[in-house]
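Participant:
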Amino acid sequence: MHRVLVACLLAAFPFLPSLADDKPAPPRKARTVVPAATAADTLKVAKGFKAELLYSVPKDTQGSWVNMCVDPKGRLIVSDQYGGLFRVTPPAVGGPAGDTKVEPIAVPLGEAQGLLWAFDSLYVVVNRGQKYQSGLYRVRSKDGGDTFEKVETLKKINGDGEHGPHAVLLSPDRTSLYVVCGDGAQMMKPLAGSRVPKLWGEDHLLPRLPDGNGFMRGVLGPGGCIYRVDPDGKAWELVSTGYRNQFDAAFNRHGDLFTYDADMEWDMNTPWYRPTRVCLAASGSEFGWRNGAGKWPAYYPDSLPAVLNIGPGSPTGVCFGYGAKFPAKYQEAFFMCDWSYGKLYATHLTPDGAAYKAEAEEFVSGTPLPLTDVVVNPKDGALYFAIGGRKTTSGLYRVHYVGTESTAPVTDAAPLGPLHALRRQLEQFHGRHDAKAVEAAWPHLGHSDRYVRFAARVAVEHQDPKTWQDRAVSETDPAKALGALLALVRATGKDPLHHPKQPPADATLKGQILDALGRVAWDGLSTEQRLDLLRVYAIFFNRFGPPDAESRSKAIARFDTKYPAKARELNADLCQLLVYLEAPGTAAKTLKLIAEAPTQEEQMEYAKSLRMLKTGWTPAGRKEYFSWYLKAANYKGGSSFRGFLRMMKDDAVTTLSAAEKAELKPILEANPETATVAVKPRPFVKKWKLDEVVALTGRGLTGRDFDRGRTLFGQAQCFACHRYDNEGGSQGPDLTSAAGRFSVRDLLESVVEPSKVISDQYAAVNIETTDGRLVSGRVVNHSGDDIIVNTNMLDPNALTHVNRKRVERMETSKVSMMPEALLDTFKEDEILDLVAYLLSRGERGNKMFKKE
256 MHRVLVACLL
266 AAFPFLPSLA
276 DDKPAPPRKA
286 RTVVPAATAA
296 DTLKVAKGFK
306 AELLYSVPKD
316 TQGSWVNMCV
326 DPKGRLIVSD
336 QYGGLFRVTP
346 PAVGGPAGDT
356 KVEPIAVPLG
366 EAQGLLWAFD
376 SLYVVVNRGQ
386 KYQSGLYRVR
396 SKDGGDTFEK
406 VETLKKINGD
416 GEHGPHAVLL
426 SPDRTSLYVV
436 CGDGAQMMKP
446 LAGSRVPKLW
456 GEDHLLPRLP
466 DGNGFMRGVL
476 GPGGCIYRVD
486 PDGKAWELVS
496 TGYRNQFDAA
506 FNRHGDLFTY
516 DADMEWDMNT
526 PWYRPTRVCL
536 AASGSEFGWR
546 NGAGKWPAYY
556 PDSLPAVLNI
566 GPGSPTGVCF
576 GYGAKFPAKY
586 QEAFFMCDWS
596 YGKLYATHLT
606 PDGAAYKAEA
616 EEFVSGTPLP
626 LTDVVVNPKD
636 GALYFAIGGR
646 KTTSGLYRVH
656 YVGTESTAPV
666 TDAAPLGPLH
676 ALRRQLEQFH
686 GRHDAKAVEA
696 AWPHLGHSDR
706 YVRFAARVAV
716 EHQDPKTWQD
726 RAVSETDPAK
736 ALGALLALVR
746 ATGKDPLHHP
756 KQPPADATLK
766 GQILDALGRV
776 AWDGLSTEQR
786 LDLLRVYAIF
796 FNRFGPPDAE
806 SRSKAIARFD
816 TKYPAKAREL
826 NADLCQLLVY
836 LEAPGTAAKT
846 LKLIAEAPTQ
856 EEQMEYAKSL
866 RMLKTGWTPA
876 GRKEYFSWYL
886 KAANYKGGSS
896 FRGFLRMMKD
906 DAVTTLSAAE
916 KAELKPILEA
926 NPETATVAVK
936 PRPFVKKWKL
946 DEVVALTGRG
956 LTGRDFDRGR
966 TLFGQAQCFA
976 CHRYDNEGGS
986 QGPDLTSAAG
996 RFSVRDLLES
1006 VVEPSKVISD
1016 QYAAVNIETT
1026 DGRLVSGRVV
1036 NHSGDDIIVN
1046 TNMLDPNALT
1056 HVNRKRVERM
1066 ETSKVSMMPE
1076 ALLDTFKEDE
1086 ILDLVAYLLS
1096 RGERGNKMFK
1106 KE
């Protein structure tokens, strides 16, 4: 009976120890339990597509995967952020995930953040963590990746960590490599060439504020770089620069290079915050990264803007959908990974002038889903992505199409227009001297297309300035003169931070440039051209030194009457210039602007400039200025926000006399106000219904007031969470282009009834833990088993930490993080101005604002 019972038990529970002979059981080996990556059936996937989890990575033996490439046999090569390389043989599409084969690659190399198979070799960009020197390496193979030869060190790279060297990719003509490096990697030396004119500088008219938390303090621009490299890794040519931390890049079928650049989340809700963004890495391009508060605004003419602003996040791997068995729209898409928010975007690019416009679609999302890299496998036509990084639980996923649309390969791409061809023609002069360059480029220095005139100016800057400086200072066409003078001050002046021992500027040339700038009539310029003119003045004074007394008086007389202007950007640059010139009356005008500014970002912009003003103050003005810091202490921002305010105030205190310090001591030493004063409370008007607001806007969007609309946008706290026209927060979606994607009713519905339809991109999650905690908010970061959740959209620092191992349940919230009743304090005409402003995309000249 005993033996029968034992046999039954063994049949039912084969893992039980044997009791048949009544002997002590041998000790069992501990079973290794691999934590499962986020289940595929919990992911939200675009219609017609299916995602499957192929493999959960055992952290103890295979680490956390951050990079991938495909070898000639359709296998994946993957890298552990802090370990070695592995080869993955995926099952056939539709086959069981359990057939996924993972094996280590026997080469003494790892910690890779860039992998590429090309020229019968595996190229590896090592980003040193613990074992290997950062650099570009090559491992040759004669059998398609089954075995490898000795590792070759092609080029060491000075830089490491998460802002160090990253991706390596193949050029469109398949003759060279491109290597991507973040702002933590020093520029390669020596350069075999540079398509970017080597004229870079910080180019700030007033002293820059370093990072509020000290990150990369003292590091000068131009920041992250992209290089063109020969297959042997010997010759490095600089192609594009000015990024913060672009992790990857990819070429479209037209040969244009795109990347997805990172933001500095610590800068949120400051005027210099720049969201994550898609950039066209055009030849010779500069994107204006500078440390701390020194990042250039998007409108500076010596840089290029983003093709598309995405918002806060952590960009990682990118690829185009070429080779995927997807519908045509997705074959052409630019796929982008966001590590922080768990989003895989499909960005759809459309030719626009000499560049592109874009729209991002959420293709795959999940929580947690820290995406690290994405590739198309041409062998099976599927899209593969990995999650992991920072020792988080890692996994490999595959996406394939299961819908009914055609997946025939796309052969005819969207045609490019003549401006694209013109840009390419001008780019042929980049990086080299050519006697034909100036004549070819000069007519386009004032072109209406920003990418064309940028390419033209870069072509001119690569030529000896002695051959064209007389033409620049005598140019009579205002648009061309702005481009020519910008090129001239960059080519002949020296940035003092990059060249602290520069010789005195050529006095004759300095006078000629100043006279030429004076002949560019303000009244005949557009707002964009006025901003360009102010930028040229700023670079000129920075590189050639301050004006003499007569020139200073002329400059003050010219610009004092223009300040304040209508446009916020003009006021920011005029304020900076007039503070630099110590123009009388600047303090009073600027304090009035601070008092009237609807956003904390705009207030901070003016306060940052005023901190350096030494003259023209009244006692009342000084008191008002330093009282602003008490109010600003209650504003919300990223983790550097308080540090920036502290440094601004410290700089301003140094401009005070001893008597002023004594007079202002009660304010200087006061504790910040405890009440939040960023937005004045508004009285209740009525409970607006959606149909009422829609009907109201249907008959009243003419003769509206742009400036009041912007003010009301701030009073409704919209700027606190939403970016609009390059200002505001980024916890919510950028609303600048919303009018082009949604109907008026849909936009108003999201305001009046925010929880009716919640964007997956900005939805909150509800997390229940095994110890009884309930956390609601957006997952914004990961580290190991730590999930970091933002619980208040109005405060980027409202963060709660949750241990992944203690998560009992995690589900999408049905309640929007956007507050309700935002319009209930607004009168009819205020709603109309606010809606007109929202629909205008930030264009002051929109017909809705024209008086009949």
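Sequential numbering from 256 applies to the sequence shown in the numbering used here.
For each residue, glycine too, the CB sits at the ideal point set by N, CA and C.
It should be emphasised that the depicted structure is a prediction, and the values quoted were computed from it without experimental measurement.
(1) With distances taken from CA atoms, which of Gly369, Tyr310, Phe374 is nearest Val343?
(2) Can at least three beta-carbon pairs, one atom from the region 308–325 and one from the region 669–683, be found at a separation below 8 Å?
(3) Determine the direct distance from the alpha carbon of Leu848 to that of Ala933, and round the result to whole angstroms.
(4) List the DSSP bridge partners of Thr1024.
(5) Give the C-beta separation of Ile768 and Ala292 to the nearest angstrom, bearing in mind that I take them to be a contact with Cβ-Cβ under 8 Å.
(6) Which residues in the same chain have their Cβ closer than 6 Å to the Cβ of Gly1032, if we skip the five residues on either side of it in sequence?
(7) If we ignore side chains and look at the alpha-carbon of each, how far apart do Ala739 and Val707 end up?
(8) Would you say Pro623 and Val1034 are within 8 Å of each other, going by their C-beta atoms?
(9) Once DSSP output is grouped into helix, strand and coil, what is the label at Gly953?
(10) Who does Trp372 pair with in a DSSP beta bridge?
(11) Please report how far the alpha carbon of Lys809 lies from the alpha carbon of Tyr433, in whole angstroms.
(12) State the start and end residues of the unbroken beta strand (DSSP E) segment that holds Met591.
(13) Checking 8 Å against the spacing of the C-beta atoms, do Leu563 and Arg532 come in under that value?
(14) Can you tell me the Cα-Cα spacing of Glu837 and Gly953, whole angstroms?
(15) Hey, could you find the ends of the alpha helix (DSSP H) Met902 is sitting in?
(16) CA-CA distance, Pro860 and Lys1060?
(17) DSSP three-state label for Thr966, please.
(18) By alpha-carbon positions, which one of Asn524, Ala505, Asn1101 ends up nearest to Tyr515?
(19) Straight-line CA distance for Ala820 to Phe1104?
(20) Counting Cβ pairs closer than 8 Å, one from the region 374–393 and one from the region 679–694, do we hit at least three?
(21) Looking at C-alpha atoms only, which residue of Met1065, His655, Asp689 is the closest neighbour of Arg1028?
(22) Sort Ala804, Lys869, Gln368 by Cα distance to Thr909 and report the nearest one.
(23) Taking 7 Å as the line, does the beta carbon of Arg393 fall inside it for any heavy atom of the ligand ADP?
(24) Are there 16 or more other CB atoms within 10 angstroms of the CB of Arg529, so buried, or fewer, so exposed?
(25) Quick one: residues in its chain with C-beta nearer than 6 Å to the C-beta of Arg774, no 5 flanking neighbours on either side, listed in chain order?
(26) Can a CB atom of chain C be found closer than 8 Å to the CB of Lys411?
(27) Mapping DSSP to helix, strand and coil, what is His675?
(28) Phe939: buried (16+ other C-beta within 10 angstroms of its C-beta) or exposed?
(29) Helix, strand or coil for Asp1084, going by three-state DSSP, please let me know.
(30) What three-state label does DSSP hand Tyr337 in the structure shown?
(31) Can we say the region 691–710 touches the region 468–476, given the rule of at least three CB pairs closer than 8 Å?
(32) Whole alpha helix (DSSP H) runs in the region 556–601 with 4 or more residues, listed along the chain?
(33) Once you ignore the five residues that flank Phe899 on each side, which residues in its own chain have a CB closer than 7 Å to its CB?
(34) Return the chain-ordered ranges of every beta strand (DSSP E) run that is complete within the region 435–485 and spans a minimum of 3 residues.
(35) Please confirm whether Asp704 and Ala561 have their CB atoms less than 8 Å apart.
(36) Using 8 Å as the threshold, is the C-beta distance between Ala255 and His717 below it?
Facilitator: So, from the data block:
(1) Ranked by Cα distance from Val343, the options Gly369, Tyr310, Phe374 are led by Tyr310.
(2) In this structure the region 308–325 does not lie against the region 669–683, because fewer than three pairs of beta carbons, one per stretch, are closer than 8 Å.
(3) Only weak support exists for where Ala933 lies, its pLDDT of 45 falling under 50; the value from the coordinates is given anyway. In this model, Ala933 and Leu848 are separated by some 15 Å (Cα to Cα).
(4) In the DSSP assignment, Thr1024 is bridged to Val1062.
(5) So it is not a contact: roughly 60 Å between Cβ atoms.
(6) Counting only Cβ-Cβ distances below 6 Å, and skipping sequence neighbours, we find Ala1019, Val1044, Asn1045, Thr1046.
(7) So the alpha carbons of these two residues sit roughly 14 Å apart.
(8) A contact, by the Cβ cut-off of 8 Å.
(9) Looking at Gly953 - three-state DSSP - the assignment turns out to be helix.
(10) For Trp372, the pairing in a beta bridge is given by DSSP as Leu377.
(11) Cα to Cα, the separation comes out at about 49 Å.
(12) Per DSSP, Met591 belongs to the beta strand (DSSP E) from 589–593.
(13) Taking a C-beta distance under 8 Å as the contact criterion, Leu563 and Arg532 qualify as a contact pair.
(14) Between Glu837 and Gly953, the C-alpha separation is close to 49 Å.
(15) Secondary structure note for Met902: its alpha helix (DSSP H) is the uninterrupted segment 896–908.
(16) It should be noted that the sequence gives Glu, not Pro, for residue 860. Using only the alpha carbons, I get a separation of about 44 Å.
(17) Of the three classes helix, strand and coil, the one that applies to Thr966 here is helix, per DSSP.
(18) Of the candidates Asn524, Ala505, Asn1101, the one whose C-alpha sits nearest the C-alpha of Tyr515 is Ala505.
(19) For Ala820 and Phe1104, the gap between their C-alpha atoms comes out near 17 Å.
(20) The region 374–393 and the region 679–694 do not touch, with fewer than 3 CB-CB distances between them shorter than 8 Å.
(21) Nearest C-alpha to Arg1028: Met1065.
(22) For Thr909, the nearest C-alpha among the options comes from Lys869.
(23) This structure does not include the ligand ADP; it has no bound ligands of any sort.
(24) Flag for Arg529 reads buried.
(25) Answer for Arg774: no residue qualifies.
(26) You won't find chain C in this structure, because it holds only one protein chain.
(27) Reduced to three states, the DSSP call for His675 is helix.
(28) Exposed, since its Cβ has fewer than 16 Cβ neighbours within 10 Å.
(29) Reduced to three states, the DSSP call for Asp1084 is helix.
(30) Coil at Tyr337, not helix or strand.
(31) The region 691–710 vs the region 468–476: no contact.
(32) Listed in chain order, they are 583–586.
(33) Hits under 7 Å: Leu464, Gly467, Thr525, Ala548.
(34) Entirely contained in the region 435–485, the beta strand (DSSP E) runs reaching 3 residues are, in chain order, 479–484.
(35) Contact: no.
(36) This structure cannot settle anything about residue 255, because the visible part of the chain is limited to 256 through 1107.
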